[in-house]
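Student: Dropping a structure here in structure tokens format, bear with me for questions.
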Amino acid sequence: MSRPKQHIVFLTGPTGTGKTTIAKYLTDSLRMTFIEGDDYHPKENVEKMHRGEALTDDDRWGWLDALRDEALKELERDHQGVIVTCSALKRTYRDVLRGASHPEKDIFVHFVTLHAPEEVLFERVKNRHGHFAGSNLVHSQFQSLDPPQADEPDIVGVDVQPPVDEVKRDALEKLKGLLSR
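Counting from 724, one number per residue, gives the positions in the sequence shown under my numbering.
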């Protein structure tokens with residue numbers, strides 16, 4: 724008897740796109756496990772972002788490895804799928820996360836990338852309280868951003884400018900399309 728497919732979905736995008744809000748909705752709708760990527764940042768990264776400093780590639784590698792490994796651990800607990808929030812701004816970061824894909828074991832990685840213009844996200848983050856990533860980080864994230872390319876078929880994009888309920892429905896519909904491939 725073959726094992727059912729297992730999925731790791733990385734919900735990605737710059738700060739202010741609503742990754743946590745959308746991830747919780749998708750998790751509930753699809754009965755998957757939720758991993759909040761921000762919880763896996765080392766203390767040094769959080770302190771750096773609190774100071775308004777952008778993270779470097781070197782700051783991110785260990786964090787990306789931890790997210791990938793934690794997602795695989797959740798699947799070992801016999802979960803059908805995991806949704807992980809993570810900015811994954813650059814293709815090189817997405818490639819690290821793709822390392823969790825094991826088609827021979829029916830484990831597949833997908834990305835739902837949330838996006839909006841920089842000015843929209845700046846305003847959202849400026850009015851957000853209680854998060855370590857301030858509005859000053861929006862610009863640096865856009866400078867680092869490697870938008871998904873045509874040769875990354877495991878990614879769907881979702882515009883987060885419409886009302887949140889519309890964004891949730893769009894993300895769910897597009898993710899279901901990815902999962903059915």
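Glycine included, each C-beta is placed from N, C-alpha and C at the ideal position.
1) Which residues in the same chain as Gly822 place their Cβ atom closer than 7 angstroms to its Cβ, once the five residues preceding and following it in sequence are excluded?
2) Rounded to whole angstroms, how far is the Cβ of Val807 from the Cβ of Ile731, which I believe are closer than 8 angstroms?
3) If I follow the unbroken beta strand (DSSP E) through Gln729, where does it start and stop?
4) According to DSSP, simplified to helix, strand and coil, what is Asp761?
5) Where do the ends of the beta strand (DSSP E) carrying His833 lie?
6) Buried or exposed, going by whether 16 or more other CB atoms sit within 10 Å of the CB of Val890?
7) Check whether the segment 751–761 and the segment 841–848 touch, using three or more Cβ-Cβ pairs below 8 angstroms as the test.
8) Can you name, in chain order, every residue of its own chain whose Cβ lies under 6 angstroms from the Cβ of Thr743, other than the five neighbours on each side?
9) Check whether the Cβ atoms of Tyr763 and Ala789 lie closer than 8 angstroms to each other.
10) Express the C-alpha separation of Leu901 and Thr815 in angstroms, rounding to a whole number.
Tutor: Based on what the coordinates show:
1) Arg791
2) 7 angstroms
3) Gln729 to Thr735
4) In the three-state scheme derived from DSSP, where H, G and I count as helix and E and B as strand, Asp761 is classed as helix.
5) Ile830 to His838
6) buried
7) no
8) Thr808
9) If you check the CB distance, Tyr763 and Ala789 come in under 8 angstroms.
10) 21 angstroms
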